[in-house]
Structures are given as C-alpha cells and as structure tokens.
Amino acid sequence: MLSASDLAKPQIIEVLDLAHEMSDVNEREIKKLPTLRGKTVVNLFFEDSTRTRISFELAAKRLSADVINFAAKGSSVSKGESLKDTAQTLEAMGADAIVLRHGSSGSAYRLAHSGWVQSAVINAGDGSHEHPTQALLDAMTIRQALVTNPIGSDLSGKKVLIVGDISHSRVARSNLILLKALGATVATCGPATLVPRSLEPSGGIFYSLDKAIDEFAPDAVLMLRIQSERMEASFFPTEREYSRVWGMNSERLSRLGDSAIVLHPGPMNRGLEIDAASADSPKSKILDQVQNGVAVRMAVLFHLLAGDKGEKS
Amino acid sequence: MSRRTVLSSDDIRRAITRISHEVLEQNRGVDNLLLLGIPTRGIQLATRIAQVIKEHSSTDVSVGSLDVTMYRDDLSDQPTRVVGITNIPTSGVSGKAVVLVDDVLFSGRTIRAALDALNDHGRPAAVRLAVLVDRGHRQLPIRADYVGKNLPTALTERISVKLEEVDGVDEVVIED
Chain A
65 MLSASDLAKP QIIEVLDLAH EMSDVNEREI KKLPTLRGKT VVNLFFEDST
115 RTRISFELAA KRLSADVINF AAKGSSVSKG ESLKDTAQTL EAMGADAIVL
165 RHGSSGSAYR LAHSGWVQSA VINAGDGSHE HPTQALLDAM TIRQALVTNP
215 IGSDLSGKKV LIVGDISHSR VARSNLILLK ALGATVATCG PATLVPRSLE
265 PSGGIFYSLD KAIDEFAPDA VLMLRIQSER MEASFFPTER EYSRVWGMNS
315 ERLSRLGDSA IVLHPGPMNR GLEIDAASAD SPKSKILDQV QNGVAVRMAV
365 LFHLLAGDKG EKS
Chain B
2 MSRRTVLSSD DIRRAITRIS HEVLEQNRGV DNLLLLGIPT RGIQLATRIA
52 QVIKEHSSTD VSVGSLDVTM YRDDLSDQPT RVVGITNIPT SGVSGKAVVL
102 VDDVLFSGRT IRAALDALND HGRPAAVRLA VLVDRGHRQL PIRADYVGKN
152 LPTALTERIS VKLEEVDGVD EVVIED
C-alpha cells in the first residue's frame with residue numbers, strides 16, 4: 065500500500081465497504097476482533113504525527129495485532145542509523161507490516177521494492193508525495209455524507225474542491241488520484257505559487273476561493289493545512305492575506321450548498337486556513353474523518369495481513 | 002462432473018416451515034427470540050424462517066446477520082475473503098435466545114467462529130443452530146438443533162445451496 069494509484073476502483077470500493085463494517089466494531093462494547101492475532105505491526109515514524117500514528121496503532125490493536133511504536137526522536141536514528149538498517153532491525157525482531165512515515169518522498173517505495181525487507185509496507189505519508197490512507201478516509205467520509213446508500217457506491221457526479229498548498233501536500237496528491245478513480249470531479253484552489261498546473265485536475269484550477277465556491281459549487285471542500293515545515297520560501301505575502309483570500313470562514317461556508325461538507329486532514333491552524341466557526345459547524349466533518357481513519361486503517365491492515373497472498377503491495 | 006439436485010424448491014420450503022415450527026415449539030413462542038443469519042445465504046434463510054413464524058403467530062421476530070470472517074481460523078491459508086455484513090438489532094444479543102442460521106453445516110468451523118463473534122456482542126441466554134443441510138464431516142464437537150435435511154456426502158463432493166433471492170432459483174445440488 066504505497067500509493068493511491070495502486071488501487072483500482074473495485075478494490076477501493078471493497079476497502080471502503082470493509083471500513084464501513086469496521087466502523088460498527090468501533091461502536092460496540094467489545095471493540096476488538098481476533099483477526100490479526102500473533103501478527104506484529106511496526107509504526108515507523110520519522111516525522112511527528114498524532115492522528116495518523118494513533119489511528120494506525122488503534123486499528124492494529126482492534127484487530128489484535130501487536131504494535132510497536134517507533135519514533136525517530138530518541139532512537140538510534142539520532143546516532144546516524146539509516147532507514148535500511150532500522151527497518152531490517154525491526155523486521156529481524158519479527159515485524160509483519162511496517163507503517164512508514166518519512167520526510168522524504170518515495171521512501172516507502174524504496175523500502176518496499178529494494179528487497180531490504182519482506183514485510184508489507186504501508187505508506188503513512190512520504191514527504192510531499194502521497195498519503196494514501198488519508199485519501200481513503202477522506203473518500204469514505206465524503207461517501208458517507210453525500211451518498212444515500214454508501215455501500216458499494218462510488219463518488220460519480222460529486223464535486224470536490226481541494227484548497228490550499230497543493231504543491232507540498234501529499235494529502236492533495238493522493239486525494240486527486242483516488243477521488244478521480246472513484247469518478248468524482250476534483251478542482252484545486254490556492255495561491256498561484258502553490259497550485260501546480262501539471263496535476264490537471266478534472267474540475268479546473270481556481271486562484272480565489274470565492275470564485276471557486278461560486279463557479280464550481282463543490283459538494284465537499286477539503287481544506288489543507290499550511291505546512292510551515294515545508295515552506296522554504298515565501299509563497300504568499302502574509303498569513304492574514306492567505307486567510308482573507310483562501311481561508312474557510314462562516315460567510316463562505318454559508319454560500320456552500322446545504323448538504324455540502326468541509327474536511328480538513330488536521331492538525332488545523334485555526335484562524336489561518338479555517339476559522340473556528342467553520343471548524344465547529346455541523347458542515348464540518350473533521351471529527352468523522354478521524355473516526356473513519358481508524359476504520360479505514362483496519363480495512364487496509366486486514367487486506368494486507370489476513371490473507372495468504374504472499375504479495376507485497 | 003456430475004450434478005444432481007437433492008432438494009427441490011418445494012423440499013426447501015417444507016424444510017424451512019418445519020424448522021420454523023420447531024424453533025417456535027422449543028422457544029415456547031417468539032419472546033426473546035433473535036434469528037441471526039450467517040452471510041451470505043444464512044441471511045435469506047433467517048428472513049424466511051421469520052416470515053413463516055410471523056404467518057403462524059402474527060408476531061415479528063427480530064432478524065439480523067452475523068459475519069464471522071474476522072473470526073475464522075483459516076484466514077492465513079486462503080486468499081483474503083470478502084467480509085460480509087453484520088447487523089445486530091439495537092436491542093443487542095444479551096439475554097436473548099439466539100438462533101444461528103446457516104445454509105450448510107460441514108466442518109463446524111464457521112459455527113465455532115460465529116460463537117466467538119457472538120461472544121463479543123454480548124451474552125445470549127441460549128444459542129441454538131439451524132441449518133438447511135447437514136453434510137457431516139465435523140471437525141469440532143458441534144451439532145445443529147434444527148436440520149432441514151441430513152445429506153451424507155463424500156469429502157470430494159461439493160454441496161451448493163441456491164436461493165431465489167441470491168441465485169434466482171431455490172435448489173440444493175451436489176456436484177463432484
């Protein structure tokens with residue numbers, strides 16, 4: 065599970081349907097399934113993360129797998145150990161799956177295809193490249209909110225607007241691939257310095273959020289975080305100007321359709337890309353996303369570890 | 002490959018009617034009764050049993066489904082299975098007389114998984130088992146309380162239950 069493009073449409077729908085089933089497990093009294101008993105999942109996190117790591121950890125634990133959390137800070141990585149050696153060491157200790165979050169794009173692909181390890185590799189975000197499980201949970205949240213009979217359905221006819229720093233966003237990249245595969249029309253919006261033309265979204269490119277809301281009339285708006293850690297240059301003049309032109313606020317929220325929803329992958333910079341009133345409004349599905357995150361990751365772990373496929377993906 | 006029909010649509014209807022009456026008799030009515038079908042065809046069988054019970058006692062019986070895929074003991078020997086739907090009525094299973102409904106009883110491993118799954122949903126007052134066909138070859142100490150038809154088979158034979166709702170026809174066939 066390295067990229068959103070690894071999955072064809074029927075597989076995506078299968079994963080989303082399974083995730084839908086899994087979310088029932090998260091609501092019952094005994095939130096545990098014995099399915100992955102005896103398997104070991106390593107969360108190999110070279111970058112900081114709250115929700116992705118905890119979400120993967122919970123997902124693995126709900127399926128009865130053993131989880132080892134590895135954070136680069138405070139480990140031998142700070143003594144100069146390489147990704148290869150770290151991963152091989154963890155596999156020698158018996159890991160069946162490695163969930164990798166790394167600051168360099170392509171690191172998950174490298175780990176899976178270099179022959180360094182035999183375990184399944186799940187990309188939990190590599191640099192500004194991809195974050196496939198985030199795209200899956202976004203798709204699940206959109207499908208749940210906008211499609212009447214979500215089971216077995218795709219997102220054809222739905223319009224999704226992705227707003228913010230598209231260039232540096234792995235979330236945007238994975239979502240563009242996955243939502244397109246599910247039949248949704250996707251448009252991007254943001255400062256011209258941060259919206260690459262090369263991605264050619266099917267719904268077009270907008271340089272003003274007001275214009276995008278009026279002309280594109282999206283069913284779902286995905287706000288991206290302004291990632292200060294990936295900003296090496298000034299792509300927009302000031303934070304106040306960004307929030308004025310591209311930020312979600314209650315006035316823009318009210319111009320969206322009645323059933324339209326707002327998503328944010330988190331963590332939010334309240335007051336920058338989204339104001340508090342919109343983040344807490346009923347149209348905001350941000351907490352649903354977190355809930356679905358656990359379910360989607362359970363579905364992905366089940367598909368990778370439960371069967372005897374003997375394949376790496 | 003030979004193929005013979007062992008139960009016709011009339012046979013299936015009669016078997017379901019008899020099972021329904023046995024369930025009613027043993028449970029002394031429909032109080033506390035919960036029918037749980039095991040996907041896929043157990044669900045339709047459970048629904049049909051509920052219909053017959055309703056015709057005779059004019060009361061609705063709760064029906065649900067219980068998927069056991071995540072509880073199977075053979076997951077790692079086979080390609081990834083598709084997980085079915087679990088739908089337990091909101092009143093839960095605790096204190097209920099649960100009747101598990103499946104199409105074919107064979108090794109007993111599905112039912113073992115179902116008992117484990119049920120355990121995670123609550124504590125039923127009693128659990129009983131209804132199957133349309135019992136083909137023998139048990140690998141675990143499990144037996145059915147209500148059996149539509151006992152069909153002694155060879156291990157090489159394949160039994161397939163076809164139901165109108167899923168396959169467009171009601172029949173049970175043996176292939177080998």
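Read top to bottom, the protein sequences are chains A and B.
Sequential numbering from 65 applies to the first sequence in the numbering used here.
Sequential numbering from 2 applies to the second sequence in the numbering used here.
Backbone N, C-alpha and C define an ideal beta-carbon position, used for all residues, glycine too.
request  = Taking only beta-carbon positions, decide if G63 of chain A is within less than 8 Å of chain B.
outcome  = Nothing in the structure corresponds to residue 63 of chain A, since chain A is present only between 65 and 377.
ask   = Which chain B residues sit within Cβ distance under 9 Å of L96 of chain A?
value = Here residue 96 of chain A turns out to be Lys, not Leu, going by the sequence shown. Ordered by position in chain B, the residues that pass the 9 Å Cβ test against K96 of chain A are D121.
Beta-carbon spacing of A251 of chain A, A281 of chain A below 8 Å = no
query = Where A131 of chain B and V354 of chain A are concerned, what is the direct C-alpha to C-alpha distance, given to the nearest angstrom?
reply = 40 Å
ask   = Based on Cα-Cα distance, which residue from B:R42, B:V94 and B:R4 lies nearest to E165 of chain B?
value = B:R42
task = Less than 8 Å between the CB atoms is what I'm expecting for V83 of chain B and I39 of chain B, so what's the real figure, rounded?
result = Not a contact, Cβ separation roughly 14 Å.
ask   = In chain order, what residues of the same chain have a beta carbon less than 7 Å from the beta carbon of K73 of chain A, not counting five sequence neighbours either side?
value = D218, A245 and L246
task = Using three-state DSSP, classify F366 of chain A as helix, strand or coil.
result = helix
N90 of chain A to L116 of chain B span [Cα, whole Å] = 20 Å
request  = Note down, in chain order, each residue of its chain lying with its Cβ closer than 6 Å to the Cβ of L242 of chain A, except the 5 sequence neighbours on either side.
outcome  = A68, A199 and A203
task = Work out the CA separation of Q79 of chain B and A114 of chain B for me, nearest whole Å.
result = 16 Å
query = Near E375 of chain A, which residues of its chain fall below 7 Å by C-beta distance, leaving aside the five closest residues on each side in sequence?
reply = Note that E375 of chain A scores 43 on pLDDT, short of 50, meaning its location in the model is unreliable; the coordinates nonetheless yield the value given after this. Correct list: empty, nothing qualifies.
request  = Determine the burial state of M157 of chain A: buried for a count of at least 16 other Cβ atoms within 10 Å of its Cβ, exposed for fewer.
outcome  = exposed
query = For I175 of chain B, is the classification buried or exposed, using 16 other Cβ atoms within 10 angstroms of its Cβ as the cut-off for buried?
reply = buried
ask   = Relative to the alpha-carbon of I195 of chain B, which residue among A:A83, A:L108, A:L127 and A:S192 has its alpha-carbon at the smallest distance?
value = Nothing about residue 195 of chain B can be reported from this structure: the residues present for chain B run from 2 to 177 only.
ask   = Which residues in the same chain as I350 of chain A place their Cβ atom closer than 8 Å to its Cβ, once the five residues preceding and following it in sequence are excluded?
value = V326, L327, H328, G330, M332 and A343
key: Proximity to R92 of chain A [Cα-Cα], best of B:D121, B:A126 and B:N151   = B:D121
inquiry  = In the DSSP output, what is G38 of chain B paired with across the bridge?
reply    = B:S66 and B:V102
query = Using CA coordinates, which residue listed in A:R304, A:E111 and A:D278 is at the minimum distance from L320 of chain A?
reply = A:D278
inquiry  = With H, G and I counted as helix, E and B as strand and the rest as coil, what does DSSP make of H193 of chain A?
reply    = coil
query = Taking the alpha-carbon positions, what's the K103 of chain A to A124 of chain A distance?
reply = 9 Å
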